[in-house]
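Q: These protein sequence lines are chains Z and R, in that order. Residues in the first sequence are numbered from 1 upward in steps of one, following the working numbering. Residues in the second sequence are numbered from 1 upward in steps of one, following the working numbering. Ideal placement from N, C-alpha and C gives every residue a C-beta, glycine not left out. Please read through the structure below; I'll follow up with questions.
2 protein chains.
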Amino acid sequence: MSQFIRLTMDDIARLANVSKTTASLVLNGRSAEYRIAESTKERVLAIAREHHFQPSQSAKTLRSRKSGTLGLLVPELSNFAHASLAQALEPLCREAGYQLLVMSSNEQASMETAGIEHLLTRQVDGLIVVPCSSDATQYLKWSLRLPLVFVDRHIKDCPIPFVVTDAIDAVTSLVVQAIAAGSREVVYFGGQADLSPSQDRLAGYRKGLELSGMTEQEHWVWQRDYLRPSGYSMMAECYERLGHYPDSLFTGSLTLLEGALAYINEKQNGSPAHLMTFDDHNLLNCLPWGIQSVVQDSQRLASESLVRVLKLMQGETVDSAWISASLHQRP
Amino acid sequence: MSQFIRLTMDDIARLANVSKTTASLVLNGRSAEYRIAESTKERVLAIAREHHFQPSQSAKTLRSRKSGTLGLLVPELSNFAHASLAQALEPLCREAGYQLLVMSSNEQASMETAGIEHLLTRQVDGLIVVPCSSDATQYLKWSLRLPLVFVDRHIKDCPIPFVVTDAIDAVTSLVVQAIAAGSREVVYFGGQADLSPSQDRLAGYRKGLELSGMTEQEHWVWQRDYLRPSGYSMMAECYERLGHYPDSLFTGSLTLLEGALAYINEKQNGSPAHLMTFDDHNLLNCLPWGIQSVVQDSQRLASESLVRVLKLMQGETVDSAWISASLHQRP
DNA sequence: TTGTAAGCGTTATCAG
DNA sequence: CTGATAACGCTTACAA
Chain Z
1 MSQFIRLTMD
11 DIARLANVSK
21 TTASLVLNGR
31 SAEYRIAEST
41 KERVLAIARE
51 HHFQPSQSAK
61 TLRSRKSGTL
71 GLLVPELSNF
81 AHASLAQALE
91 PLCREAGYQL
101 LVMSSNEQAS
111 METAGIEHLL
121 TRQVDGLIVV
131 PCSSDATQYL
141 KWSLRLPLVF
151 VDRHIKDCPI
161 PFVVTDAIDA
171 VTSLVVQAIA
181 AGSREVVYFG
191 GQADLSPSQD
201 RLAGYRKGLE
211 LSGMTEQEHW
221 VWQRDYLRPS
231 GYSMMAECYE
241 RLGHYPDSLF
251 TGSLTLLEGA
261 LAYINEKQNG
271 SPAHLMTFDD
281 HNLLNCLPWG
291 IQSVVQDSQR
301 LASESLVRVL
311 KLMQGETVDS
321 AWISASLHQR
331 P
Chain R
1 MSQFIRLTMD
11 DIARLANVSK
21 TTASLVLNGR
31 SAEYRIAEST
41 KERVLAIARE
51 HHFQPSQSAK
61 TLRSRKSGTL
71 GLLVPELSNF
81 AHASLAQALE
91 PLCREAGYQL
101 LVMSSNEQAS
111 METAGIEHLL
121 TRQVDGLIVV
131 PCSSDATQYL
141 KWSLRLPLVF
151 VDRHIKDCPI
161 PFVVTDAIDA
171 VTSLVVQAIA
181 AGSREVVYFG
191 GQADLSPSQD
201 RLAGYRKGLE
211 LSGMTEQEHW
221 VWQRDYLRPS
231 GYSMMAECYE
241 RLGHYPDSLF
251 TGSLTLLEGA
261 LAYINEKQNG
271 SPAHLMTFDD
281 HNLLNCLPWG
291 IQSVVQDSQR
301 LASESLVRVL
311 KLMQGETVDS
321 AWISASLHQR
331 P
């Protein structure tokens with residue numbers, strides 16, 4: 001492709017009648033530091049502007065051994081929570097002088113592995129991952145090779161720092177509220193039981209029951225995965241088991257809620273009085289039920305995880321963080 | 001950061017007792033081509049595997065003048081349509097041997113400019129953009145510097161190839177259906193009138209009216225932007241002007257629909273009998289109205305735009321494409 | 001205040 | 001079949 005040509009710093013230097021060094025110094029804003037003559041500086045800058053000079057990032061990276069990129073690996077970009085995270089993280093990275101590389105693992109451990117290896121090849125300076133496996137050893141190996149932070153999910157007993165939503169408290173208060181409002185039967189639909197968010201959400205649910213002096217009954221807790229059809233089938237089976245809809249239903253994700261509502265709409269045989277879900281979406285405002293939802297703070301999830309990779313990159317050690325969520329209450 | 005070390009190809013070569021050249025050949029799968037001894041090959045590969053050798057992408061890029069990356073610039077990652085596009089594009093790029101760099105412009109022309117310049121610095125080999133300005137000259141300049149394809153939106157009279165949804169036909173049939181079902185008043189809410197998708201959607205609406213022998217009345221077409229509050233205010237003003245809800249309402253985006261529904265839910269004074277919207281979401285299944293929606297084919301939008309940048313990168317000229325959308329009908 | 005020269009890790013050319 | 005050696009475009013001691 002010679003159709004698209006680029007000028008190099010050498011070219012700029014030649015055109016401005018200075019050496020590579022001078023050009024480099026000026027173009028990197030270090031002219032003051034080296035007391036480059038104002039006139040020289042202006043000349044170089046003018047030429048550079050005029051010719052749309054773009055320094056080669058690869059040469060910089062090669063020389064400086066820093067790529068100026070950070071990687072973000074999420075299971076699904078079409079998952080609203082993860083998309084919001086990427087959306088929030090991208091400008092923050094740019095401000096911090098880094099380019100964000102976003103990849104998705106499609107919720108498959110194998111693709112995740114490939115993705116991380118790929119990002120390593122690309123020499124990302126740091127990595128933020130929403131892990132989709134719970135195999136700590138694998139991640140530990142990577143964490144020896146580059147700064148690694150988990151976000152949204154963490155792995156039990158794994159020393160890699162993480163930034164996750166404090167689901168427990170949020171879910172607890174939701175459950176407590178529902179019971180205070182008169183619910184006597186509170187059912188929980190969740191996803192993969194081995195994922196940390198699932199565990200946290202379930203723990204929150206159980207704590208809510210406990211605080212309200214209620215004892216968990218058989219067929220109150222259902223766990224499968226976060227796919228829509230699972231929401232549908234759990235609702236179907238739950239209805240069949242109980243013989244009616246529970247007073248209250250908490251779903252661990254929007255997709256599960258969608259599945260459950262699909263069943264409810266299809267059967268037209270009633271519905272739970274209280275609906276609660278993890279994660280929020282504006283369309284929830286438009287539903288005929290007043291759904292209570294837990295809103296994750298993707299802005300803070302993003303900034304806190306960025307701060308942590310940046311610190312790791314400077315050799316500091318960092319702690320993990322629980323980001324509190326807020327509730328979106330609907331009448 | 002000496003904490004995280006990497007082996008270079010030189011190291012591998014030394015450990016395997018071969019030269020850089022041989023190591024390079026083997027590691028790039030060109031051993032057959034150069035008839036490298038099987039034993040040598042195995043030795044090199046074994047060492048490389050054992051030491052987790054990661055070739056430096058920057059060195060490769062520098063030498064080969066190809067970065068192996070493609071850029072995707074979207075206005076908003078939290079917009080479902082754009083997120084789906086990114087999600088669909090990313091694996092395709094990887095299959096094609098490219099790493100996708102996703103950036104978002106926040107729907108601001110200035111950020112878009114900065115983003116493109118940034119990607120140029122990163123030496124992306126090609127660029128796929130959802131343009132957020134309609135200034136053709138600017139984009140034309142860039143298209144001289146690297147292969148550029150528009151997706152989702154195009155710019156009138158701009159020779160840059162684009163891949164967009166064929167909104168006209170889809171919207172037309174939606175409108176025709178609504179009228180066939182008895183609607184006598186069909187209102188249109190749209191976003192920025194200067195964006196091509198807006199124009200197409202409006203054109204589809206008008207064609208639908210025309211085909212049904214209906215004449216557009218005053219206060220039937222409302223255009224502002226695609227933000228949620230605009231949907232709310234257009235609904236409010238429309239209701240006030242007409243004195244009632246129209247039989248049918250078409251919204252140009254989910255956000256506008258959300259806004260309109262927020263008004264409707266808040267006032268509890270009725271609602272349009274037919275609701276239609278551009279773009280689809282699973283939560284639409286859960287609404288108490290049977291909303292008809294236009295489903296964009298993000299998979300094809302992604303693959304067709306990728307094909308086009310790849311062709312441009314090989315110096316071929318390419319045409320634009322309209323991707324047909326499907327309808328998601330709900331009872 | 002500016003220039004010279006030595007790499008960074010690869011790939012490519014050309015000899016053995 | 002394998003090995004020197006020269007770029008690629010940039011940064012940075014070290015000179016001048």
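Given that H281 of chain R touches chain Z, what residues does it touch there, using C-beta distances under 7 Å?
A: Your numbering for residue 281 of chain R matches position 281 in the second sequence. The contacting residues are L283.
Q: What ranges does the beta strand (DSSP E) occupy inside the region 151–216 of chain Z, keeping only unbroken runs of at least 3 residues that lie completely in it?
A: The region 151–216 of chain Z contains these whole beta strand (DSSP E) runs: 162–166 and 186–190.
Q: Considering H368 of chain R, what are the terminal residues of the beta strand (DSSP E) in which it resides?
A: With chain R covering only 1 through 331, there is no way to say anything about residue 368 of chain R.
Q: Rounded to a whole number of angstroms, what is the C-alpha to C-alpha distance between A203 of chain Z and R49 of chain Z?
A: Numbered from its first residue, the first sequence carries residue 203 of chain Z at position 203. Numbered from its first residue, the first sequence carries residue 49 of chain Z at position 49. Their Cα atoms are separated by approximately 58 Å.
Q: For the alpha helix (DSSP H) containing H82 of chain R, list its first residue and its last residue.
A: Within the second sequence, residue 82 of chain R is the residue found at index 82, counting from 1. Note, H82 of chain R: alpha helix (DSSP H), F80 to E95.
Q: Which residue or residues does DSSP assign as beta-bridge partners of V259 of chain R?
A: As a working note, residue 259 of chain R is residue 259 in the second sequence. As written in the sequence, residue 259 of chain R is Gly, which differs from the Val given in the question. G259 of chain R is not bridged to any residue.
Q: If you measure beta-carbon to beta-carbon, which residues of the region 280–312 of chain Z are closer than 8 Å to chain R?
A: The residues in question are H281, N282, L283, L284, N285, C286, L287 and P288.
Q: Once the 5 residues before and after S143 of chain R are set aside, which same chain residues still bring their CB inside 6 Å of it?
A: As a first step, residue 143 of chain R must be located in the second sequence, where it is residue number 143. Counting only Cβ-Cβ distances below 6 Å, and skipping sequence neighbours, we find I160.
Q: The beta strand (DSSP E) with L7 of chain Z in it runs from where to where?
A: Counting from one through the first sequence, the residue named residue 7 of chain Z turns up at place 7. From DSSP, L7 of chain Z is part of no beta strand (DSSP E); its letter is neither H nor E.
Q: Could you run through the region 24–40 of chain R and flag, in chain order, every residue whose CB is less than 8 Å away from some CB of chain Z?
A: For the region 24–40 of chain R, which is checked against every Cβ of chain Z, not one residue is closer than 8 Å.
Q: Pairs of beta-carbons, one from the region 221–239 of chain Z and one from the region 261–271 of chain Z, closer than 8 Å: are there three or more?
A: Touching, yes.
Q: Sort Z:I5, Z:K41, Z:R6 and Z:L310 by Cα distance to S19 of chain Z and report the nearest one.
A: Here residue 19 of chain Z is taken as the residue at index 19 of the first sequence, counted from 1. Ranking Z:I5, Z:K41, Z:R6 and Z:L310 by Cα distance to S19 of chain Z puts Z:K41 first.
Q: By the 10 Å Cβ neighbour count, where 16 or more other Cβ atoms means buried, how is S110 of chain Z classified, buried or exposed?
A: In the first sequence, residue 110 of chain Z corresponds to position 110, counting from 1. With fewer than 16 other Cβ atoms within 10 Å, it is exposed.
Q: Tell me which same chain residues have a C-beta within less than 6 Å of the C-beta of V149 of chain Z, skipping the five on either side of it?
A: Your numbering for residue 149 of chain Z matches position 149 in the first sequence. Correct list, in chain order: I128, P161, S305, R308 and V309.
Q: Can you give me the C-alpha to C-alpha distance between D11 of chain R and A114 of chain Z, rounded to a whole angstrom?
A: One-based indexing of the second sequence puts residue 11 of chain R at position 11. One-based indexing of the first sequence puts residue 114 of chain Z at position 114. The straight-line gap from Cα to Cα measures roughly 24 Å.
Q: Here's a check: name, in chain order, each residue in its chain whose Cβ is nearer than 6 Å to the Cβ of V74 of chain Z, leaving out the five neighbours to either side.
A: Locating residue 74 of chain Z in the first sequence gives position 74, where the first residue counts as 1. So the list reads H82, S104 and V130, once near-sequence residues are dropped.
Q: DSSP three-state label for W222 of chain Z, please.
A: Taking the first sequence and counting its residues from 1, the one referred to as residue 222 of chain Z is at position 222. Strand at W222 of chain Z.
Q: Quick one: give me the first and last residue of the alpha helix (DSSP H) that A48 of chain R is part of.
A: Within the second sequence, residue 48 of chain R is the residue found at index 48, counting from 1. Counting along the chain, the alpha helix (DSSP H) containing A48 of chain R begins and ends at E38 to E50.
Q: For the beta strand (DSSP E) containing V295 of chain Z, list its first residue and its last residue.
A: Locating residue 295 of chain Z in the first sequence gives position 295, counting from the first residue. V295 of chain Z -> beta strand (DSSP E) spans Q292 to V295.
Q: Contact between the region 210–225 of chain Z and the region 272–290 of chain Z is defined here as three or more beta-carbon pairs at a separation below 8 Å; is this criterion met?
A: Segments in contact, no.
Q: Apart from the five residues on each side of it in sequence, which residues of its chain come closer than 8 Å, Cβ to Cβ, to I291 of chain Z?
A: As a working mapping, residue 291 of chain Z is identified with position 291 in the first sequence. Excluding residues within five positions, the ones whose Cβ falls inside 8 Å are L257, L275, M276, T277, L284 and R330.
Q: Based on the DSSP secondary-structure assignment, which residues constitute the bridge partners of F250 of chain R?
A: Taking the second sequence and counting its residues from 1, the one referred to as residue 250 of chain R is at position 250. Note: F250 of chain R sits in a beta bridge opposite R:Y188 and R:M276.
Q: Going along the chain, which residues of its own chain have a beta-carbon closer than 6 Å to the beta-carbon of P246 of chain R, five neighbours each way excluded?
A: For the purposes of this step, residue 246 of chain R is taken as the residue at position 246 of the second sequence. So the qualifying residues of the chain are E185, V187 and P272.
Q: What are the start and end residues of the beta strand (DSSP E) that includes H328 of chain R?
A: Your numbering for residue 328 of chain R matches position 328 in the second sequence. Unbroken beta strand (DSSP E) run through H328 of chain R: S326 to H328.
Q: Can you tell me where the alpha helix (DSSP H) holding G126 of chain Z begins and where it ends?
A: Locating residue 126 of chain Z in the first sequence gives position 126, counting from the first residue. Per DSSP, G126 of chain Z belongs to no alpha helix (DSSP H); it is in the beta strand (DSSP E), G126 to V129.
Q: Would you say Q54 of chain R faces chain Z, with C-beta separation under 8 Å as the test?
A: Position 54 of the second sequence, counted from the first residue, corresponds to residue 54 of chain R. Interface residue, yes.
Q: For Q123 of chain R, tell me which candidate among Z:K60, Z:P147 and Z:Y226 has the shortest Cα-Cα distance.
A: Stepping through the second sequence from its first residue, residue 123 of chain R is reached at position 123. The option with the nearest alpha carbon to Q123 of chain R is Z:K60.
Q: Closest to R153 of chain R by CA distance: which of R:T121, R:S134 and R:Q108 is it?
A: Taking the first residue of the second sequence as 1, we reach residue 153 of chain R at position 153. Taking only the C-alpha atoms, the option nearest R153 of chain R is R:S134.
Q: In whole angstroms, what separates the C-alpha of A13 of chain Z from that of L195 of chain Z?
A: Translated into the one-based positions of the first sequence, residue 13 of chain Z becomes position 13. Translated into the one-based positions of the first sequence, residue 195 of chain Z becomes position 195. When rounded, the distance between both Cα atoms is 55 Å.
Q: Could you say which of R:N79, R:V151, R:N106 and R:E107 lies nearest to D319 of chain R if we only look at CA atoms?
A: Taking the second sequence and counting its residues from 1, one reaches residue 319 of chain R at position 319. The shortest Cα separation from D319 of chain R among R:N79, R:V151, R:N106 and R:E107 belongs to R:V151.
Q: Classify R35 of chain R as buried or exposed, calling it buried when 16 or more other Cβ atoms lie within 10 Å of its own Cβ.
A: Here residue 35 of chain R corresponds to residue number 35 of the second sequence, with the count starting at 1. Label assigned to R35 of chain R: exposed.
Q: Helix, strand or coil for S134 of chain R, going by three-state DSSP, please let me know.
A: For the purposes of this step, residue 134 of chain R is taken as residue 134 along the second sequence, with counting starting at 1. Correct three-state label for S134 of chain R: coil.
Q: Quick check: what's the CA-CA separation for G71 of chain Z versus R43 of chain Z?
A: As a working note, residue 71 of chain Z is residue 71 in the first sequence. As a working note, residue 43 of chain Z is residue 43 in the first sequence. If I take the Cα positions, the gap works out to 37 Å.
Q: Which stretch, first to last residue, makes up the alpha helix (DSSP H) that contains V307 of chain Z?
A: Residue mapping note: residue 307 of chain Z aligns to position 307 of the first sequence, counting from 1. V307 of chain Z -> alpha helix (DSSP H) spans S298 to M313.
Q: Looking at C-alpha atoms only, which residue of Z:S67, Z:E107 and Z:I116 is the closest neighbour of Y98 of chain Z?
A: Taking the first residue of the first sequence as position 1, residue 98 of chain Z is located at position 98. Of the candidates Z:S67, Z:E107 and Z:I116, the one whose C-alpha sits nearest the C-alpha of Y98 of chain Z is Z:S67.
Q: Are G252 of chain Z and F189 of chain Z closer than 8 Å when you measure CB to CB?
A: Taking the first residue of the first sequence as position 1, residue 252 of chain Z is located at position 252. Taking the first residue of the first sequence as position 1, residue 189 of chain Z is located at position 189. Closer than 8 Å, so yes.
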